[in-house]
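Novice:
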Amino acid sequence: MDVTLENADEVYAHYAVHRQPVMRARLAYGYLAARYRPRVGYEADAREQIRALLRSGVRCVVCANHLSDKDQFVLAAAAFRSPLRRRIGHIRVLAKDELFTDPKQRAQIDMMGGIPVFRPKDHQMRAAVAAGRQMIDICVERAADAGDSIAIFPEGTRNENPAVLLPIASGVGHIASGIARRTPVALVSIGIAYPDASCRDAEVVIGEPRTIAATDKAAAITRTVRVDLQHAVELARDRLAGRADHPRSR
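Start counting the sequence shown at 0; every next residue gets the next number (numbering that gives the first Met the number 0).
1. Against chain D, does R50 count as a neighbour if the rule is that its beta carbon must be under 7 Å from one of theirs?
2. Short of 7 Å in beta carbon distance, which residues of its chain neighbour G155, apart from the five on each side in sequence? Order them along the chain.
3. State the Cα-Cα distance for the pair R199 and I151, rounded to the nearest angstrom.
4. Check whether the Cβ atoms of I108 and A24 sit closer than 7 Å, and answer yes or no.
5. Just the C-alpha distance for Y35 and P166, rounded to the nearest angstrom, thanks.
6. Check whether the stretch 44–55 touches the stretch 206–220, counting contact only when three or more Cβ pairs, one atom from each stretch, lie closer than 8 Å.
7. Classify Y193 as helix, strand or coil using the three-state DSSP reduction.
8. Grab the span of the alpha helix (DSSP H) containing E47 for me, first residue to last.
9. Quick check: the stretch 124–136 against the stretch 97–111, are there 3 or more CB pairs under 8 Å?
10. For the stretch 197–245, list the beta strand (DSSP E) runs that are entirely contained and at least 3 residues long, ordered along the chain.
11. Are the stretch 231–241 and the stretch 82–101 touching by the rule of at least three beta carbon pairs closer than 8 Å?
12. Return the chain-ordered ranges of every alpha helix (DSSP H) run that is complete within the stretch 113–167 and spans a minimum of 4 residues.
13. Leaving out five residues before and five after A75 in sequence, what residues of the same chain have Cβ atoms less than 6 Å from its Cβ?
14. Put V73 into one of helix, strand or coil per three-state DSSP.
15. Do you know how far the Cα of F79 is from the Cα of P194?
16. Among V232, G146, R132, D96, which residue has its Cα nearest to the Cα of C59?
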């Protein structure tokens, strides 16, 4: 099956039932943690709050800023070094469809939990929007029925400004509100700041989780994501600027 917009129905039918190889995913995340070595810090008592949510079965919608084509690897490495580690093998990561073109790369992305996204800026608008609705439905189903968490780079494209977020795409709000109507879910914002272009040894700050109510509207959730994620980015950049005062944490 080719991952193409023309084939969107079959693509999303496949990813609706796709299962990650859990042990291989854990090994891959561990390898990425050793390779990229992110310094993971937390806002206030976010670490304990996330642990408590995961123990109680709350799904997470993880949102991170997007600066590099290596962000997904750094995010995976940070997850391995955080309480999210227990969810590895049950985290679905939204990724642009062109990453699924090469068979070898697609196999790696599938193993990491990828779900393809057909971005309107890359395709015919009406067809891409229709596929986007299918993608949102699949994310909601996977979270509610399979217990998966969802990871998103909600800016939707790489940002040239590491300090200020781009506008947040509305899809994250629709995904989170759809999940909340069926099962408990929380937003987890993760700010990333890089010391150089290698993307190694990044400062990563995990913000306090924010529980979403079943009555929360998608637009309001999207605004919340922007506020929380911008704050996490600022914390990560503060840590990067003052590294001498911040020991490595795991």
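C-beta atoms are modelled at their ideal positions from N, C-alpha and C, and glycine is treated no differently.
Specialist: Let me spell this out:
1. Within the model displayed, chain D is absent; a lone protein chain is all it includes.
2. Here residue 155 refers to the residue found at position 156 of the sequence shown. Closer than 7 Å at Cβ, skipping near neighbours: R118, A168.
3. The sequence position of residue 199 within the sequence shown is 200, counting from 1. The sequence position of residue 151 within the sequence shown is 152, counting from 1. So the alpha carbons of these two residues sit roughly 20 Å apart.
4. Along the sequence shown, read from residue 1 onward, the residue named residue 108 stands at position 109. Along the sequence shown, read from residue 1 onward, the residue named residue 24 stands at position 25. It is not a contact, given that the beta carbons lie outside the stated cut-off.
5. If you number the sequence shown from 1, residue 35 lands on position 36. If you number the sequence shown from 1, residue 166 lands on position 167. C-alpha separation (whole angstroms): 28 Å.
6. yes
7. For the purposes of this step, residue 193 is identified with residue 194 of the sequence shown, where counting begins at 1. Looking at Y193 - three-state DSSP - the assignment turns out to be coil, as it is neither helix nor strand.
8. Walking along the sequence shown from the start, residue 47 turns up at place 48. E47 -> alpha helix (DSSP H) spans 45–54.
9. no
10. 202–205, 209–211
11. no
12. 124–145
13. Position 76 of the sequence shown, counted from the start, is the residue given in the question as residue 75. Counting only Cβ-Cβ distances below 6 Å, and skipping sequence neighbours, we find Y28, L31.
14. Translated into the one-based positions of the sequence shown, residue 73 becomes position 74. In the structure shown, V73 sits in a helix (DSSP, three-state: H, G or I).
15. By 1-based counting over the sequence shown, the position of residue 194 is 195. By 1-based counting over the sequence shown, the position of residue 79 is 80. Cα-Cα distance, rounded: 20 Å.
16. Counting from one through the sequence shown, the residue named residue 59 turns up at place 60. Out of V232, G146, R132, D96, G146 has the C-alpha closest to the C-alpha of C59.
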